[in-house]
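This report refers to the structure that appears directly beneath it.
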Amino acid sequence: MTDSVFVTRLIPDEGLDIIKRNFRTSVWSADMPPSSEEMVARAKRCSALVSLLSDKIDESVIGSLPKLRVIAQYAVGFDNIDVTTATKRGVIVTNTPGVLTETTADLAWALIMAASRRIAEADRYVRAGLWHVAWGPMLMLGIDIYSATLGIVGMGRIGAAVAQRAKGFGMRILYSDTQENDFTRSVEKETGAARTDFASLLRESDIITVHVPLTNETKNMIGAEEFASMKKGAVFVNTSRGAVVDENALVSALSSGRLHAAGLDVFATEPLPSTSPLLRLPNVVLVPHIGSASFATRSKMAVMCAENLVLALRGNRPPNIVNPEVLIHR
Ligand code: DGY
Numbered sequence: 008m009t010d011s012v013f014v015t016r017l018i019p020d021e022g023l024d025i026i027k028r029n030f031r032t033s034v035w036s037a038d039m040p041p042s043s044e045e046m047v048a049r050a051k052r053c054s055a056l057v058s059l060l061s062d063k064i065d066e067s068v069i070g071s072l073p074k075l076r077v078i079a080q081y082a083v084g085f086d087n088i089d090v091t092t093a094t095k096r097g098v099i100v101t102n103t104p105g106v107l108t109e110t111t112a113d114l115a116w117a118l119i120m121a122a123s124r125r126i127a128e129a130d131r132y133v134r135a136g137l138w139h140v141a142w143g144p145m146l147m148l149g150i151d152i153y154s155a156t157l158g159i160v161g162m163g164r165i166g167a168a169v170a171q172r173a174k175g176f177g178m179r180i181l182y183s184d185t186q187e188n189d190f191t192r193s194v195e196k197e198t199g200a201a202r203t204d205f206a207s208l209l210r211e212s213d214i215i216t217v218h219v220p221l222t223n224e225t226k227n228m229i230g231a232e233e234f235a236s237m238k239k240g241a242v243f244v245n246t247s248r249g250a251v252v253d254e255n256a257l258v259s260a261l262s263s264g265r266l267h268a269a270g271l272d273v274f275a276t277e278p279l280p281s282t283s284p285l286l287r288l289p290n291v292v293l294v295p296h297i298g299s300a301s302f303a304t305r306s307k308m309a310v311m312c313a314e315n316l317v318l319a320l321r322g323n324r325p326p327n328i329v330n331p332e333v334l335i336h337r
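This note's numbering runs 7 ahead of the 1-based position in the sequence shown.
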């Protein structure tokens, strides 16, 4: 009998069609994600879930799905999934690395530029009818990107793609990472990025951009102390996960003028609550977690996610397995 799969949101047809061709497929078609109870009710008899980063797949959800063998995440980050419990229960977890690297690096750069040069603020100014003087010597002054020092926190695939783009701006590139390996060494060679410790990166960079996964170690890794040690007038960009940053400390650093500006794609709570003080700050550019949001990339993610799923459910090793140790006892 064919396996059943529950897909927790409509994903691009390129991937969904592959899943539908291979398995009995049920899709949650509402815009709002299913609650845990709704997910469990819909997936009770399913062998696999296609999940999004907004689905909390914790011990209780995994424990309530007795037939579950695969969780195919439609994202590179998988901090919403309790991978330890999945592994204990023999459930394969997959993700979609690589295909979204360049698109996410593009967005990090869009935020670097918009925050440094006050693009969103200037756009609001023009639309509000406030542009009365043709050219203002002191109007909307920002900070230079060209030849500035860029600090990249986390030199993984996306950090490296951000560094590649920085070459074109003649920047001095610093990075910090817990890993030192062939990959980081090759990025140093190609981009001229120099490895440094986290504290020096914070102290020396004009623009800081974060590219680490959310783990117990990275949670709140940038807080009041870290903002205080940044250069006065620095620009801060985050396209990784909101919980990496202490958002209250960020709000203080933006309101006090310690930071010139910030560009944020990710937040501690998503969607951003209407009570968030960030919404009242002029010097922050806010976008709704759209790092990978291009037509081409979302299609590639859907295909990769579907191919991982098909291979895993058919008993083969999927290329993007997050918990390979789960296969040892099979
Ligand atoms: C991811 O894939 O983890 C991004 O945050 C969303 O594309």
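Glycine is no exception: its CB is placed at the ideal position from the N, C-alpha and C atoms.
Taking 7 Å as the line, does the beta carbon of Val169 fall inside it for any heavy atom of the ligand DGY? Locating residue 169 in the sequence shown gives position 162, where the first residue counts as 1. Not under cutoff, so the answer is no.
Cα separation between Asp151 and Asn290? The residue labelled residue 151 in the question sits at position 144 within the sequence shown. The residue labelled residue 290 in the question sits at position 283 within the sequence shown. Whole-angstrom Cα-Cα distance: 16 Å.
Taking its Cβ as the centre, do 16 or more other Cβ atoms sit within 10 Å of Thr222, making it buried, or is it exposed? As a position in the sequence shown, residue 222 is number 215, starting the count at 1. Exposed, since its Cβ has fewer than 16 Cβ neighbours within 10 Å.
Just confirm the distance between the C-beta atoms of Val310 and Glu109, as a whole number of angstroms; I'd bet it's less than 8 Å. The count along the sequence shown starts at 1 and reaches residue 310 at position 303. The count along the sequence shown starts at 1 and reaches residue 109 at position 102. About 16 Å separates the two Cβ atoms, so there is no contact after all.
Taking 6 Å as the limit between beta carbons, can you name the residues of its chain near Pro19, skipping five residues before and five after? In the sequence shown, residue 19 corresponds to position 12, counting from 1. Excluding sequence neighbours, Pro19 sits near Arg305, Ser306 and Ala309.
Assuming Leu286 contacts Val258 under a Cβ cut-off of 8 Å, what Cβ separation, rounded to an integer in Å, is found between them? Working through the sequence shown from its first residue, we reach residue 286 at position 279. Working through the sequence shown from its first residue, we reach residue 258 at position 251. Their Cβ separation, rounded to whole angstroms, is 10 Å, which puts Leu286 and Val258 out of contact at 8 Å.
So which of Pro280, Phe243 and Asp253 has the shortest CA-CA distance to Leu271? Here residue 271 corresponds to residue number 264 of the sequence shown, with the count starting at 1. Among Pro280, Phe243 and Asp253, the Cα nearest to that of Leu271 is on Phe243.
What residues match up with Ser58 in a beta bridge as DSSP calls it? The sequence position of residue 58 within the sequence shown is 51, counting from 1. According to DSSP, Ser58 bridges with Gln80.
Go ahead and pull the three-state DSSP assignment for Leu13. Taking the sequence shown and counting its residues from 1, the one referred to as residue 13 is at position 6. The identity of residue 13 in the sequence shown is Phe, whereas the question assumes Leu. Strand.
So for Ser263, helix, strand or coil by DSSP? The count along the sequence shown starts at 1 and reaches residue 263 at position 256. Here Ser263 sits in coil by DSSP.
Shorter than 7 Å, the distance from the beta carbon of Gly166 to the closest heavy atom of the ligand DGY, or not? For the purposes of this step, residue 166 is identified with residue 159 of the sequence shown, where counting begins at 1. No - the ligand DGY has no heavy atom lying nearer than 7 Å to the Cβ of Gly166.
To the nearest angstrom, report how far apart Ala82 and Asp38 are at their CA atoms. Taking the sequence shown and counting its residues from 1, one reaches residue 82 at position 75. Taking the sequence shown and counting its residues from 1, one reaches residue 38 at position 31. Near 17 Å, if we compare the C-alpha coordinates of Asp38 and Ala82.
Proximal residues to Ser71 (C-beta, below 7 Å), its chain only, five neighbours per side dropped: Residue numbering aside, residue 71 sits at position 64 when the sequence shown is read from its first letter. Result list for Ser71: Val47, in chain order.
For a quick check, are the C-beta atoms of Ile126 and Ala313 less than 8 Å apart? Residue numbering aside, residue 126 sits at position 119 when the sequence shown is read from its first letter. Residue numbering aside, residue 313 sits at position 306 when the sequence shown is read from its first letter. No, the pair does not count as a contact, with Cβ atoms beyond the cut-off.
From Val294 to Arg248, what distance separates their C-alpha atoms? As a position in the sequence shown, residue 294 is number 287, starting the count at 1. As a position in the sequence shown, residue 248 is number 241, starting the count at 1. One C-alpha to the other measures close to 13 Å.
For Gly270, does the three-state DSSP call read helix, strand or coil? Counted from its first residue, the sequence shown places residue 270 at position 263. In this structure, Gly270 counts as strand in the three-state DSSP scheme.
Take every Cβ of the segment 209-224, pair it with every Cβ of the segment 154-166, and state whether three or more of those distances are shorter than 8 Å. yes
Taking three-plus beta-carbon pairs below 8 Å as touching, is the segment 87-95 in contact with the segment 117-126? no
Length at least 3, wholly inside the segment 221-265: the beta strand (DSSP E) runs in chain order: 241-245
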